[in-house]
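A.B. asks: There's a structure below that I have some questions on.
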Amino acid sequence: MNLLTKKFLRNKFLEYYRTSELKIPNNLKSREWGFILFDELPNIVMRRHKGYGSKREIEDYIYGIVPAHAFYSAAYYKHPSASTMNEKHWLGADLIFDLDADHISGVAEKSYSEMLRIVKKETLKLIDFLIKDFGFSEEVINIVFSGSRGYHIHVQDPRVFKLKSSERREIVDYISGIGFDYDSVLKKKKMAVGNKYPIVIDKKSVDMPTFGNRVANGIIEFFCAIRFEMEYIDGLKKLREIKGVNNVSKAEKILKSLYNFKTQEELRDRIFNEGLDQSTAMFSVRRFIAEQVSLKSVRGKTDEPVTTDIKRLIRMPTSLHGGSSMRVTPLSM
Numbered sequence: 002m003n004l005l006t007k008k009f010l011r012n013k014f015l016e017y018y019r020t021s022e023l024k025i026p027n028n029l030k031s032r033e034w035g036f037i038l039f040d041e042l043p044n045i046v047m048r049r050h051k052g053y054g055s056k057r058e059i060e061d062y063i064y065g066i067v068p069a070h071a072f073y074s075a076a077y078y079k080h081p082s083a084s085t086m087n088e089k090h091w092l093g094a095d096l097i098f099d100l101d102a103d104h105i106s107g108v109a110e111k112s113y114s115e116m117l118r119i120v121k122k123e124t125l126k127l128i129d130f131l132i133k134d135f136g137f138s139e140e141v142i143n144i145v146f147s148g149s150r151g152y153h154i155h156v157q158d159p160r161v162f163k164l165k166s167s168e169r170r171e172i173v174d175y176i177s178g179i180g181f182d183y184d185s186v187l188k189k190k191k192m193a194v195g196n197k198y199p200i201v202i203d204k205k206s207v208d209m210p211t212f213g214n215r216v217a218n219g220i221i222e223f224f225c226a227i228r229f230e231m232e233y234i235d236g237l238k239k240l241r242e243i244k245g246v247n248n249v250s251k252a253e254k255i256l257k258s259l260y261n262f263k264t265q266e267e268l269r270d271r272i273f274n275e276g277l278d279q280s281t282a283m284f285s286v287r288r289f290i291a292e293q294v295s296l297k298s299v300r301g302k303t304d305e306p307v308t309t310d311i312k313r314l315i316r317m318p319t320s321l322h323g324g325s326s327m328r329v330t331p332l333s334m
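Numbered per this note's numbering, the sequence shown spans residues 2 to 334.
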């Protein structure tokens, strides 16, 4: 980026900042601020350890330096402008989630709009976890378009402020399904011959707002989609994506068993009670199906280091992203 380009962008950014209402975070006096300036680009030099006492003070500073990127801390400090982290005296932090296209496989070759559509879908899934499984209200969840390739979620609930990194990592692990026992949703029901088990879902797994609930419902939706929403050949292809269903013959056995059911209600009832299939084709892949359904449609995605870093700087909503020149935009639920 040459000097003329930097000057042009700086002037345009200044024009934006002087004519726009900036969204200043709550607890302003307890936040650390950081900035990356145009003058130093393409080198990324973070000027941090800044603190401000009022909205007017931070606005005047931004007008003066016209940053390419503006950040503030997810954390609250007693002395946010202190030059070392120990001197700042950490008081707590918002719970932050970062969903970016870089963390989702298979989106690199997509168009920008399609890429954001995929990231948005994952963002909505994560919000669903936060509300239904963790009990956060919509009022404490703030969603922000990052200005580039994804979204940020800020949870500002007093119950999370004091959580340490390890405790925040447990939240990420839960959402990601790490350590989940898939056998907990697959009820053991012996088949007529041998110590074999068909797919039978424990009804309790469906009735509870838990990760197990999501896996159980995901399994049901998986089979219902194959039976009632797909053509036969597409259903066969979908089944063969499952680890363990490694030949057409096994996939056809499972698929033919699904075609015995005329309605979704009938299929759901069978999964809850007798089991989906009494053939060896099904019991050999029951766990693989549960894991694959979880991987494809249940597990949430987020950038774990961002969530677990209790001293993280996050982009300021309503600032401009110096890479894309797009607005870091707060969104409604």
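Where is the CB? At the ideal position from N, CA and C, for every residue including glycine.
Given a threshold of 16 other Cβ atoms within 10 Å of its Cβ, counted over all protein chains shown, does L100 qualify as buried or as exposed?
C.D. replies: Counting every other CB atom within 10 Å of its CB across the protein chains shown gives L100 a total of 16 or more, marking it as buried.
A.B. asks: Is G35 closer than 8 Å to R49 when the C-beta atoms are compared?
C.D. replies: yes
A.B. asks: Counting Cβ pairs, one atom from each stretch, are 3 or more of them under 8 Å apart for the segment 33-47 and the segment 7-14?
C.D. replies: The segment 33-47 vs the segment 7-14: in contact.
A.B. asks: Identify the continuous alpha helix (DSSP H) that holds F224 and give its terminal residues.
C.D. replies: F212 to F229
A.B. asks: Tell me the start and end of each unbroken beta strand (DSSP E) in the segment 36-122 that is at least 3 residues and wholly inside, in chain order.
C.D. replies: Positions of the beta strand (DSSP E) runs, each at least 3 residues long and wholly inside the segment 36-122, are given as 47-51, 70-74, 76-78, 91-94 and 96-101 in order along the chain.
A.B. asks: What residue range does the beta strand (DSSP E) around P331 cover?
C.D. replies: T330 to L332
A.B. asks: Counting along the chain, where does the alpha helix (DSSP H) carrying L10 start and finish?
C.D. replies: L4 to T20
A.B. asks: Can you name the start and end residues of the beta strand (DSSP E) that I144 belongs to?
C.D. replies: I142 to F146
A.B. asks: Reducing DSSP to helix, strand and coil, say where V161 ends up.
C.D. replies: coil
A.B. asks: With DSSP as the reference, label L321 as helix, strand or coil.
C.D. replies: strand
A.B. asks: Since Y152 is in the beta strand (DSSP E), which residue starts that stretch and which ends it?
C.D. replies: G151 to V156
A.B. asks: Given that a residue counts as buried once 16 or more other Cβ atoms are within 10 Å of its Cβ, and exposed if not, what is T124?
C.D. replies: buried
A.B. asks: With three or more C-beta pairs closer than 8 Å as the rule, is the segment 315-330 touching the segment 170-180?
C.D. replies: Inter-segment contact for the segment 170-180 and the segment 315-330 is absent: fewer than three beta-carbon pairs are separated by less than 8 Å.
A.B. asks: Over the uninterrupted alpha helix (DSSP H) stretch that includes I255, give me the two end residues.
C.D. replies: V249 to L259
A.B. asks: With DSSP collapsed to three states, give me the class of R316.
C.D. replies: In the structure shown, R316 falls within a strand segment according to DSSP collapsed to helix, strand and coil.
A.B. asks: Which class does L187 belong to by DSSP, given the choice of helix, strand or coil?
C.D. replies: In this structure, L187 counts as strand in the three-state DSSP scheme.
A.B. asks: Can the beta-carbon of V246 be found less than 8 Å from the beta-carbon of V299?
C.D. replies: no
A.B. asks: For K79, count the other beta carbons within 10 Å of its own beta carbon; 16 or more makes it buried, fewer makes it exposed. Which is it?
C.D. replies: exposed
A.B. asks: DSSP three-state label for Y198, please.
C.D. replies: Summary for Y198: the model assigns pLDDT 47, below 50, so the residue's position carries little reliability, and this model does not support an answer.
A.B. asks: I need the straight-line Cα distance from N3 to P68, nearest angstrom please.
C.D. replies: If I take the Cα positions, the gap works out to 17 Å.
A.B. asks: Looking only at its chain, what residues have a beta carbon closer than 6 Å to the beta carbon of T319, apart from the 5 residues adjacent to it on each side?
C.D. replies: L23 and K24
A.B. asks: Could you spell out where the alpha helix (DSSP H) holding G236 opens and where it closes?
C.D. replies: Y233 to R241
A.B. asks: Starting from F273, follow the alpha helix (DSSP H) in both directions and report where the run begins and ends.
C.D. replies: Q265 to F273
A.B. asks: Quick one: measure Cβ to Cβ for M231 and K244, integer angstroms, because I've assumed they're closer than 8 Å.
C.D. replies: Not really, about 20 Å apart at Cβ, beyond 8 Å.
A.B. asks: By how many angstroms is the C-alpha of P43 removed from the C-alpha of K121?
C.D. replies: 29 Å
A.B. asks: Taking contact to mean 3 or more Cβ pairs, one atom from each stretch, closer than 8 Å, check whether the segment 285-297 and the segment 259-274 are in contact.
C.D. replies: no
A.B. asks: Between the beta-carbon of V329 and the beta-carbon of I97, is there less than 8 Å?
C.D. replies: no
A.B. asks: From the DSSP output, in three-state form, read off S326 for me.
C.D. replies: The answer is coil: DSSP assigns S326 none of H, G, I, E or B.
A.B. asks: What residues in its chain sit with their C-beta under 7 Å from that of Y17, if we drop five residues either side in the sequence?
C.D. replies: L321
A.B. asks: Apart from the five residues on each side of it in sequence, which residues of its chain come closer than 8 Å, Cβ to Cβ, to Y183?
C.D. replies: V216, R288, A291, E292 and S295
A.B. asks: Excluding the five sequence neighbours on either side, which residues of its own chain have a C-beta within less than 7 Å of the C-beta of N196, listed in chain order?
C.D. replies: For N196, the predicted structure reports a pLDDT of 45, less than 50, and the residue's modelled location is therefore unreliable. The matter cannot be settled from this model.
A.B. asks: For the alpha helix (DSSP H) containing I172, name the first residue and the last one.
C.D. replies: Under the DSSP assignment, I172 falls in the alpha helix (DSSP H) whose first and last residues are S166 to S177.
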